[in-house]
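S.K.: Following my numbering, the numbering of the sequence shown begins with 1343 at its first residue and continues without gaps.
Just so you know, even glycine gets a beta-carbon here, dropped at the ideal spot from N, CA and C.
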Amino acid sequence: MPVLVVVSFAPDLSLLGGGTPGSGPLAVAALMVMHVVVALVAVTAYRRVLPLPVR
């Protein structure tokens, strides 16, 4: 899961050099934080709804 979150940062980081309006460092950092928050919420929800059997 951490690898997928890091890979999801690639489009965010590509905004830094593109010159797109509203894509400053603070906005990119906010997008990255949102990716982490969504991943944490999703993993927590999946663990509650879909408990894995213990091996």
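With the cut-off set at 7 Å, would you say valine 1370 and leucine 1357 are in Cβ contact?
M.R.: Taking the sequence shown and counting its residues from 1, the one referred to as residue 1370 is at position 28. Taking the sequence shown and counting its residues from 1, the one referred to as residue 1357 is at position 15. Against a cut-off of 7 Å, the Cβ pair of leucine 1357 and valine 1370 comes out as a contact.
S.K.: Looking only at its own chain, which residues have a Cβ that is under 8 Å from the Cβ of proline 1393, when we skip the five neighbours before and after it?
M.R.: Locating residue 1393 in the sequence shown gives position 51, where the first residue counts as 1. Result list for proline 1393: empty, nothing under 8 Å.
S.K.: Since serine 1365 is in the alpha helix (DSSP H), which residue starts that stretch and which ends it?
M.R.: Indexing the sequence shown from 1 puts residue 1365 at position 23. No alpha helix (DSSP H) holds serine 1365; DSSP gives it neither H nor E.
S.K.: Where do the N-terminal and C-terminal ends of the alpha helix (DSSP H) with valine 1345 fall, by residue?
M.R.: Working through the sequence shown from its first residue, we reach residue 1345 at position 3. Note, valine 1345: alpha helix (DSSP H), 1344–1356.
S.K.: Between which residues of its own chain and valine 1345 is the CB-CB distance below 8 Å, once the five residues before and five after are set aside?
M.R.: Taking the first residue of the sequence shown as 1, we reach residue 1345 at position 3. Nothing meets the Cβ criterion.
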